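Chemist: If you use this note's numbering, the sequence shown corresponds to residues 32 to 198, in order.
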Amino acid sequence: MATPHARGVIFIHSAPRALCPHLEWAAGRTLGHAVSFDWADQPVQPGSRRAEFYWEGPAGSGAALASAMRGWEHLRYEVTEDPTPRTDGGRWLHTPSLGIHYAQTDASGNVVVGEDRIRYAMEIAAGDMSELQRELDVALGASWDEELEPFRHASDDAPVVWLHKVG
């Protein structure tokens, strides 16, 4: 059975200038062809750059892309992979202070928290509602979203690119 074809987006929220070509090489190596990002200054962090790159490849490429970029200092990024009829979607978030966070996503891009993770959160909380909220925030990646949000707003003026027509 052939591996399903997937697509997604790489959001480089902030990267030192010197790292930019290395990120393109890492993504290209992962996808099996050369890629070129359209870099722009990141106003939230002067001296750094930002980019968005729409990718296509075999299902599972999102995880491979996130792993290929992991470990570089001062790098903030997100990788998304849309679900296919046979695979779940995913979202990988990375910040220098928090490391990487993975969450499964549904067809609308919502984070899906599995029942085992919810049961674990309830067990750890042991009736303490503030602890339950903390555990669910961890499961949802709230700290990563909070740290990345100012960097995301820098792309509000970026052009929208429609990759395919629905329907």
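All residues carry an ideal CB built from backbone N, CA and C; glycine is no exception.
What you are looking at is a predicted structure, and each value in this text was computed from that prediction instead of being measured.
Measuring straight from C-alpha to C-alpha, what distance separates GLU154 and SER161?
Modeler: Counting from one through the sequence shown, the residue named residue 154 turns up at place 123. Counting from one through the sequence shown, the residue named residue 161 turns up at place 130. Whole-angstrom Cα-Cα distance: 13 Å.
Chemist: Can LEU179 and GLU87 be called in contact, C-beta distance under 8 Å?
Modeler: Mapped onto the sequence shown, residue 179 falls at position 148. Mapped onto the sequence shown, residue 87 falls at position 56. Not in contact: LEU179 and GLU87 (Cβ atoms no closer than 8 Å).
Chemist: Roughly how many whole angstroms lie between the Cα atoms of ALA138 and GLY145?
Modeler: As a position in the sequence shown, residue 138 is number 107, starting the count at 1. As a position in the sequence shown, residue 145 is number 114, starting the count at 1. Approximately 15 Å, taken between the alpha carbons.
Chemist: Among residues of its own chain, excluding the 5 on either side of ALA71, which ones have a beta-carbon nearer than 6 Å to its beta-carbon?
Modeler: Position 40 of the sequence shown, counting from 1, holds the residue named residue 71. These residues qualify, in order along the chain: ARG81.
Chemist: Return the CA-CA distance between THR118 and GLN76, expressed in angstroms with no decimal places.
Modeler: If you number the sequence shown from 1, residue 118 lands on position 87. If you number the sequence shown from 1, residue 76 lands on position 45. The straight-line gap from Cα to Cα measures roughly 36 Å.
Chemist: Only counting runs of 3 or more residues, tell me where the beta strand (DSSP E) segments fall wholly within the stretch 69-139, in order along the chain.
Modeler: You should have 79-89, 107-112, 120-126, 130-136.
Chemist: Please report the residue range of the beta strand (DSSP E) in which ARG38 lies.
Modeler: For the purposes of this step, residue 38 is taken as the residue at position 7 of the sequence shown. Segment 36-47, the beta strand (DSSP E) holding ARG38.
Chemist: By alpha-carbon positions, which one of TRP175, ILE41, GLU177 ends up nearest to LEU62?
Modeler: Start at 1 with the first residue of the sequence shown, and residue 62 comes out as number 31. Checking every option, the nearest Cα to that of LEU62 belongs to ILE41.
Chemist: Pop quiz: GLY121 and ALA94 are said to be a contact at Cβ under 8 Å. What is the actual Cβ separation, rounded to whole angstroms?
Modeler: To locate residue 121, count along the sequence shown from 1; it is residue 90. To locate residue 94, count along the sequence shown from 1; it is residue 63. Correct: roughly 7 Å between the Cβ atoms.
Chemist: What do you reckon, are the CB atoms on PRO47 and HIS105 nearer than 8 Å?
Modeler: Counting from 1 along the sequence shown, the entry for residue 47 is found at position 16. Counting from 1 along the sequence shown, the entry for residue 105 is found at position 74. Contact: yes.
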